[in-house]
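Visitor: Just so it is clear: in the sequence shown, position 443 is 913 by the working numbering, and no numbers are missing. Heads up, the beta-carbon is just placed ideally off N, CA and C, and yes, glycines get one too.
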Amino acid sequence: MTFRRFVATLLEVERASSRIAMVKMLAEAFRELPPEEVPLAVMLLQGRVAPEFEGLEFGVAEKEAAKALALALGRDEFEVLQAVKARGDIGAYAREALPEQGGGLTVKQVYDELRAIAEDSGKGSQLRKRERLARLLAAASPEEAAVILRTVTGRLRLGVGDATVLEALALAFLGDRGKKPLLERAYNLTSDLAYVARLVLEGEEALRRVKLEVGKPVRMMLAERLPDPERIMEKLGPHYAEHKYDGERVQVHFDGERFWVYSRRLENITHQYPDLLEALREVQREPFIVEAEAVVVDPLTGEMRPFQNVLNRKVKHLTPELLEKYPVKGFVFEILFQAGEALIDRPYSERRERLERWFRPHERLELSSKRFIETTEELVRFFDASIEAGCEGLVCKKPDGEYEAGKRGFKWVKYKRGIAGKLSDTLDLVIVGAWLGRGRRAGSYGSLLAAVYNPDEDRFETLTKVGSGFSDEDLNEVLPRRLEPYRREARHPRVWSLLAPDVWFEPALVVEVEAQEITLSPNHTCAFGVVQEGRGLALRFPRFVRYRDDKSPEEATTTREVVEMYRNQWA
Ligand code: ATP
């Protein structure tokens, strides 16, 4: 397929009015592509040339891209830079400035060139990248050049979710959108959409055979919530409870030589934990995949410090001073691979046994504290002990539950402390729109429109307006800066809203919000018609707590969770 045709599809997808329409357009385009180009197209759709966990970035700033464009146009650099600045968008400027030309490029050619640009590094790479990009632009049509430039500068945001791509692949090659779960399973085990695309081309059998691999992140299993110990006992029966540590969840892979650490969002954060890896290297020699909560401890007393402390490690260059000031301890709670075997289909009790046998003590490593629970009283006592120890509560685990990659289910149930007069848990919501501020807030945002995620429909449903809890700095500076890249003219096709805010955003930014209660509302679409006809659910007295950059929009609180919280709040 020509890259030109692919670009035309992207533009159509960007303007699609619904997600189903997106799925159909993508499926059609996938079918038209030669098979070897399908995985490449899947990556280009995400604006990348390798899965996110590989961390391969283009390293092309807008200024550099503008210089490449100047080279392609044979114009003065300074002049082009000024024009790009005035236009505000390099893609839009390229579309105007380039002559009607090109059209002969294939998807593969463009992918190969972009990949070469991303892979080039070290001395002189900036100039080589610029020249390569210029050659590509000179062969591209104006529309193609706009997409290429948006891609290399990290601005190609089509808002096509992973679920939409999987569904389109199922429709294109298995002839049935309903076969998406097969693809989902492969994706949950490997976190690599292009790899799944390759498998789907081989057929259903290949998808069924897929196994987790050391080095490729497994999408994490998540916990459901229940409001009180009685319900937990009812739901799980006798079970194991573990302390819920308040740090950063890490998935650590070791192939016998090399380590990888992945965050909840499956970003490669290996560089953040050199001390933890050193500890593991001292006590383990064989390949493994484990999960742990990395908690900052007080360097003097060894006491656990709250989550916010780990954020101090999220810097480009982690200095020895920072490592000393914010030492971490890993509380290991899962083992997914050991002794050459994938363990995720084994029951929790067996995995835990394997984990306990595998574990070797070290001052920076500890097993998560666990207890077998048979009565509500035992559960409450263990909960109190966890709070006393500086934890957030408990994660209760069903003894026969397998590790369900990428799913939130009742095999794990979290039990957190409730605060009087408030919902017992906060919600993680996606910002999809905003109203402009008045009075003291003139010139910035007055309130934001926040949504939950509905995985069954793969769409975002509004739950609340949120305007309180933000500092002046948030309102005047942080929010406008952080939301600007996601601004759009019209509602995003994956957002379902009955309200019309002044500004729309692509669902991207996730924030944690607390509230007093959940009420019925005719204005919000969360679980619309589920609890009562003609009404959705909404938050009363919502308040911003913090940014949740560790979550992708699809990891926000789900519609189903809000329904559960609504039903449980008077329990
Ligand atoms: P929260 O915001 O409540 O931490 P979450 O959405 O990040 O929730 P959940 O799966 O709902 O994640 O809750 C479980 C989380 O608790 C895990 O993601 C993990 O980071 C953390 N955790 C701490 N201790 C444990 C443990 N012993 N077992 C499992 N998870 C644990």
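Between which two residues does the beta strand (DSSP E) harbouring Q721 extend?
Guide: Where Q721 is concerned, the enclosing beta strand (DSSP E) stretches over 718-724.
Visitor: Indicate whether at least one CB of chain C lies closer than 8 Å to the CB of E637.
Guide: You won't find chain C in this structure, because it holds only one protein chain.
Visitor: With a threshold of 7 Å on Cβ separation, who are the neighbours of A567 within its own chain once the five nearest residues in sequence on each side are excluded?
Guide: Once the five neighbours on either side are set aside, the close Cβ partners of A567 are L543.
Visitor: With DSSP run on the structure shown, which of helix, strand or coil describes I843?
Guide: Strand.
Visitor: Here's a check: name, in chain order, each residue in its chain whose Cβ is nearer than 6 Å to the Cβ of H1042, leaving out the five neighbours to either side.
Guide: The shown model of the chain, from 471 to 1041, leaves out residue 1042, and the question about it has no answer.
Visitor: Counting Cβ pairs closer than 8 Å, one from the region 1018-1025 and one from the region 975-988, do we hit at least three?
Guide: In short, these stretches touch, since the Cβ pair count reaches three.
Visitor: State the CB to CB distance for the pair T771 and L897, rounded to an integer number of angstroms; the pair is presumed to be in contact (CB under 8 Å).
Guide: Actually they are not in contact, since the Cβ atoms of T771 and L897 sit about 33 Å apart, beyond 8 Å.
Visitor: Please determine, among Y796, A859, W882, Q778, the residue with the shortest C-alpha to C-alpha distance to V817.
Guide: Note on residue identity: the sequence assigns Pro, not Val, to residue 817. Of the candidates Y796, A859, W882, Q778, the one whose C-alpha sits nearest the C-alpha of P817 is W882.
Visitor: What are the start and end residues of the alpha helix (DSSP H) that includes G863?
Guide: Element bounds for G863: not the alpha helix (DSSP H) but the beta strand (DSSP E), 863-867.
Visitor: Helix or strand or just coil, what does DSSP make of S967?
Guide: Correct three-state label for S967: coil.
Visitor: Would H723 be called buried (16 or more neighbouring beta carbons within 10 Å of its own) or exposed?
Guide: Flag for H723 reads buried.
Visitor: Can you grab the Cα-Cα spacing for the pair G916 / Q808, in whole Å?
Guide: Rounded to whole angstroms, G916 to Q808 spans 52 Å at the Cα level.
Visitor: Can you tell me where the beta strand (DSSP E) with D898 in it begins and where it stops?
Guide: Unbroken beta strand (DSSP E) run through D898: 897-906.
Visitor: CB G573 to CB S611, shorter than 8 Å?
Guide: Contact: yes.
Visitor: Can V550 and L584 be called in contact, C-beta distance under 8 Å?
Guide: Their beta carbons are not under 8 Å apart, which means V550 does not touch L584 by this criterion.
Visitor: Is V983 near the ligand ZN, going by C-beta to nearest heavy atom under 7 Å?
Guide: No copy of the ligand ZN occurs in the structure displayed; its ligands are the ligand ATP alone.
Visitor: Just to confirm the assignment, what range does the alpha helix (DSSP H) spanning K935 have?
Guide: K935 -> not in any alpha helix (DSSP H); beta strand (DSSP E) instead, spanning 929-936.
Visitor: Pair every Cβ in the region 849-864 with every Cβ in the region 710-717, then say whether three or more of these pairs are closer than 8 Å.
Guide: Yes: at least three Cβ pairs fall under 8 Å.
Visitor: Hey, would you say V508 sits closer than 8 Å to A638, going by beta carbons?
Guide: It is not a contact, given that the beta carbons lie outside the stated cut-off.
Visitor: What residue range does the alpha helix (DSSP H) around I1043 cover?
Guide: This structure cannot speak to residue 1043, because the chain is shown only from 471 to 1041.
Visitor: Have a look at G561 and S967 and give me their C-alpha separation to the nearest angstrom.
Guide: Near 30 Å, if we compare the C-alpha coordinates of S967 and G561.
Visitor: Return the CA-CA distance between A890 and G871, expressed in angstroms with no decimal places.
Guide: Because A890 sits at a pLDDT of 48, beneath the cut-off of 50, its placement in the model cannot be relied upon, and the following sentence gives the value as read from the coordinates. Their Cα atoms are separated by approximately 33 Å.
Visitor: May I have the straight-line CA-CA distance separating P521 from D662, to the nearest angstrom?
Guide: The alpha-carbon atoms of P521 and D662 are separated by roughly 6 Å.
Visitor: Would G800 and L746 qualify as a contact pair, given that the criterion is a beta-carbon distance under 8 Å?
Guide: Contact: yes.
Visitor: What do you reckon, are the CB atoms on V1033 and V1000 nearer than 8 Å?
Guide: Closer than 8 Å, so yes.
Visitor: Is it right to say V753 is buried, meaning 16 or more other beta carbons lie within 10 angstroms of its own, or is it exposed?
Guide: Answer is exposed; the Cβ neighbour count stays below 16.
Visitor: Going by C-alpha to C-alpha distance, which of R957, R655, V766 sits closest to P776?
Guide: P776 has its Cα closest to that of V766, out of R957, R655, V766.
Visitor: Does DSSP put N993 in a helix, a strand or coil?
Guide: Note: N993 maps to coil in three-state DSSP.
Visitor: Determine, using beta carbons only, whether Q986 and F1011 come nearer to each other than 8 Å.
Guide: Yes, the Cβ-Cβ distance between Q986 and F1011 is below 8 Å.
Visitor: Return yes when at least one heavy atom of the ligand ATP lies under 7 Å from the C-beta of S838, else no.
Guide: At least one heavy atom of the ligand ATP is nearer than 7 Å to the Cβ of S838, so yes.
Visitor: Could you compute how far the alpha carbon of Q571 sits from the alpha carbon of A609?
Guide: Those two C-alpha atoms are separated by around 7 Å.
Visitor: Note down the Cα distance separating R1104 from D698, rounded to an integer number of angstroms.
Guide: Since the first residue of the chain shown is 471 and the last is 1041, residue 1104 is not available in this structure.
Visitor: Please return the same chain residues whose Cβ sits closer than 7 Å to the Cβ of L990, not counting the five positions on each side in sequence.
Guide: V1001, Q1002, R1005, L1007, listed in sequence order.
Visitor: Quick one: what's got a C-beta closer than 8 Å to D942's C-beta in the same chain, skipping five residues either side?
Guide: None.
Visitor: Anything with a beta carbon under 5 Å from a heavy atom of the ligand ATP counts; list them all in chain order.
Guide: Per the Cβ criterion, the list is L692, A693, E712, K714, Y715, R719, E763, F803, S838, V865, K884.
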